[in-house]
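Novice: Mind looking over this structure? Questions follow.
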Amino acid sequence: MVGDVLSRARAAYLGLAIGDALGATTEFMTPGEIKAKYKVHRKMIGGGWLYIKAGQVTDDTEMSLALGRALINAGSWDLKGIAEEFLVWMRSKPIDIGATCRRGIRDYMLKGHLEMPYNEWDAGNGAAMRMAPVALFCLGDDDLLCECSCAQAHLTHNHPLSDAACLAIGRMVQMALLGADRFSLHEVTRQLVAEHGNFRFNNYRGNAGSYVVDTLQTVFHYLFSTASFEECLIGVVNQGGDADTTGAIAGMIAGAFYGRDSLPDRWL
Numbered sequence: 005m006v007g008d009v010l011s012r013a014r015a016a017y018l019g020l021a022i023g024d025a026l027g028a029t030t031e032f033m034t035p036g037e038i039k040a041k042y043k044v045h046r047k048m049i050g051g052g053w054l055y056i057k058a059g060q061v062t063d064d065t066e067m068s069l070a071l072g073r074a075l076i077n078a079g080s081w082d083l084k085g086i087a088e089e090f091l092v093w094m095r096s097k098p099i100d101i102g103a104t105c106r107r108g109i110r111d112y113m114l115k116g117h118l119e120m121p122y123n124e125w126d127a128g129n130g131a132a133m134r135m136a137p138v139a140l141f142c143l144g145d146d147d148l149l150c151e152c153s154c155a156q157a158h159l160t161h162n163h164p165l166s167d168a169a170c171l172a173i174g175r176m177v178q179m180a181l182l183g184a185d186r187f188s189l190h191e192v193t194r195q196l197v198a199e200h201g202n203f204r205f206n207n208y209r210g211n212a213g214s215y216v217v218d219t220l221q222t223v224f225h226y227l228f229s230t231a232s233f234e235e236c237l238i239g240v241v242n243q244g245g246d247a248d249t250t251g252a253i254a255g256m257i258a259g260a261f262y263g264r265d266s267l268p269d270r271w272l
């Protein structure tokens with residue numbers, strides 16, 4: 005059991021990185037532009053608006069690693085340590101950093117704040133994309149997951165929709181790590197939609213931007229309409245938009261759900 009959980013945890017992290025790198029190629033493109041250029045984007049080729057190398061990751065993976073590193077170093081939940089790791093990362097001049105994340109990290113750097121005030125414009129996906137290490141840290145304790153997912157989110161994003169998205173992603177990753185079936189994962193989305201109807205995805209409109217509702221609708225649509233890690237990721241990144249982040253979130257959930265053996269060797 006423990007070995008299977010560890011294997012799925014590795015697959016979640018690898019899935020996150022794969023989705024990030026695969027999606028960076030098509031970030032900010034429309035589905036039509038992707039089809040015209042690639043027919044179907046399915047190769048780890050880099051490029052994109054950031055001109056990345058093949059397999060290179062962006063802020064989605066880098067912030068997740070920074071958060072996880074803080075928890076490993078502290079051996080416990082350490083919000084200040086997470087903020088410090090984010091600051092070290094920002095000072096390293098990363099290839100990309102979202103405006104909301106930059107604002108929150110700068111607020112910590114200049115004022116020492118560990119929580120941004122509520123902002124109606126903070127319903128982006130920048131906190132949700134880094135939930136993998138939080139889900140692992142809080143495995144088996146839903147109350148702790150609720151507390152920690154919001155705490156890490158509020159370092160940069162403070163909005164109820166972002167909070168709800170973080171918690172739903174965390175729960176789905178945890179359930180997948182423990183071998184839950186597709187129906188159980190779907191139940192998390194039903195609870196989310198019951199509380200926040202914006203997230204309804206049964207009539208998916210194809211919007212894949214950085215608004216966290218669009219992001220999760222895209223992830224959920226392809227997660228539940230495909231039958232493999234590969235199909236899920238290809239579907240998500242070919243929607244374009246904020247494709248590195250939709251890819252990263254889909255990758256972490258699908259990686260945990262389908263397991264390490266489901267990850268195509270050509271993407272590793």
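For what it's worth, our numbering labels the leading residue of the sequence shown as 5, then goes sequentially.
All residues carry an ideal CB built from backbone N, CA and C; glycine is no exception.
Since the structure is predicted, the reported quantities are computational estimates derived from the model, not experimental observations.
Express the C-alpha separation of MET67 and ASN206 in angstroms, rounding to a whole number.
Specialist: The count along the sequence shown starts at 1 and reaches residue 206 at position 202. The count along the sequence shown starts at 1 and reaches residue 67 at position 63. The straight-line gap from Cα to Cα measures roughly 31 Å.
Novice: Quick one: give me the first and last residue of the alpha helix (DSSP H) that ASN129 is part of.
Specialist: Indexing the sequence shown from 1 puts residue 129 at position 125. Premise fails: ASN129 is in no alpha helix (DSSP H) and is neither H nor E.
Novice: DSSP beta-bridge partners for TYR215?
Specialist: Position 211 of the sequence shown, counted from the start, is the residue given in the question as residue 215. GLY128.
Novice: What does a CB cutoff of less than 8 Å around LEU149 pick up in its chain, not counting 5 residues either side in sequence?
Specialist: Within the sequence shown, numbered from 1, the residue matching residue 149 stands at position 145. Excluding sequence neighbours, LEU149 sits near VAL138, ALA139, CYS142, LEU171, GLY174, ARG175, GLN178.
Novice: Can you determine whether any heavy atom of the ligand GTP sits closer than 7 Å to the C-beta of ASP126, and answer yes or no?
Specialist: This structure simply doesn't include the ligand GTP, nor any ligand for that matter.
Novice: Say whether the stretch 25-38 touches the stretch 238-257, bearing in mind that this needs 3 or more beta-carbon pairs closer than 8 Å, one atom from each stretch.
Specialist: These segments touch.
Novice: Give the single residue among GLY144, HIS190, ALA40, ALA87 whose Cα lies nearest to the Cα of VAL6.
Specialist: Here the question's residue 6 lines up with position 2 in the sequence shown. Answer by Cα proximity: GLY144.
Novice: With respect to the alpha helix (DSSP H) encompassing THR249, which residues constitute its N-terminal and C-terminal limits?
Specialist: If you number the sequence shown from 1, residue 249 lands on position 245. Per DSSP, THR249 belongs to the alpha helix (DSSP H) from 247-262.
Novice: Thinking C-alpha only, which one of PHE203, MET135, HIS161 is nearest ARG106?
Specialist: By 1-based counting over the sequence shown, the position of residue 106 is 102. When each option's Cα is compared against that of ARG106, the closest is HIS161.
Novice: Any beta carbon of chain D sitting closer than 8 Å to that of GLY50?
Specialist: Within the model displayed, chain D is absent; a lone protein chain is all it includes.
Novice: Could you check where the alpha helix (DSSP H) with GLY108 kicks off and where it finishes?
Specialist: Numbered from its first residue, the sequence shown carries residue 108 at position 104. Here the alpha helix (DSSP H) through GLY108 covers 103-115.
Novice: Which residue from ALA180, THR193, LEU189, ALA231 puts its Cα closest to that of SER11?
Specialist: As a working mapping, residue 11 is identified with position 7 in the sequence shown. Nearest of ALA180, THR193, LEU189, ALA231 to SER11, Cα basis: ALA180.
Novice: I'd like to know if the stretch 150-157 and the stretch 241-249 are in contact, where contact means that at least 3 CB-CB pairs between them fall below 8 Å.
Specialist: Contact between the stretch 150-157 and the stretch 241-249 is absent, because fewer than three Cβ pairs lie under 8 Å.
Novice: Answer yes if the stretch 47-54 comes into contact with the stretch 105-123, meaning at least three C-beta pairs across the two stretches below 8 Å, and no otherwise.
Specialist: Touching, no, given that fewer than three Cβ pairs across the two stretches are closer than 8 Å.
Novice: Consult DSSP for ILE56 and reduce its assignment to one of helix, strand or coil.
Specialist: In the sequence shown, counting from the first residue as 1, residue 56 sits at position 52. ILE56 falls in the strand class under three-state DSSP.
Novice: Would ALA58 and GLU89 be called neighbours here (beta carbons separated by less than 8 Å)?
Specialist: On the sequence shown, residue 58 is found 54 positions in, with the first residue counted as 1. On the sequence shown, residue 89 is found 85 positions in, with the first residue counted as 1. Not a contact, by the Cβ cut-off of 8 Å.
Novice: Mapping the DSSP letters down to three states, classify GLY174 as helix, strand or coil.
Specialist: Along the sequence shown, one-based indexing puts residue 174 at 170. Of the three classes helix, strand and coil, the one that applies to GLY174 here is helix, per DSSP.
Novice: Compare the C-alpha of ARG134 against each of ALA169, TYR122, GLU124 and name the closest.
Specialist: Locating residue 134 in the sequence shown gives position 130, where the first residue counts as 1. With distances taken between Cα atoms, ARG134 lies closest to ALA169.
Novice: Look up GLY51 in the DSSP assignment and say whether it is helix, strand or coil.
Specialist: The residue you call residue 51 lines up with position 47 of the sequence shown. If DSSP states are grouped into helix, strand and coil, GLY51 belongs with the strands.
Novice: Quick one: using the 10 Å Cβ neighbour count with 16 as the cut-off for buried, is ASN129 buried or exposed?
Specialist: Walking along the sequence shown from the start, residue 129 turns up at place 125. Burial call: buried.
Novice: Can you look up MET67 in the DSSP assignment and give me helix, strand or coil?
Specialist: The residue given as residue 67 occupies position 63 in the sequence shown. DSSP places MET67 in helix when its eight states are reduced to three.
Novice: ARG46 lies in the alpha helix (DSSP H); which residues open and close that run?
Specialist: Within the sequence shown, residue 46 is the residue found at index 42, counting from 1. Neither: ARG46 is in no alpha helix (DSSP H) and is coded neither H nor E.
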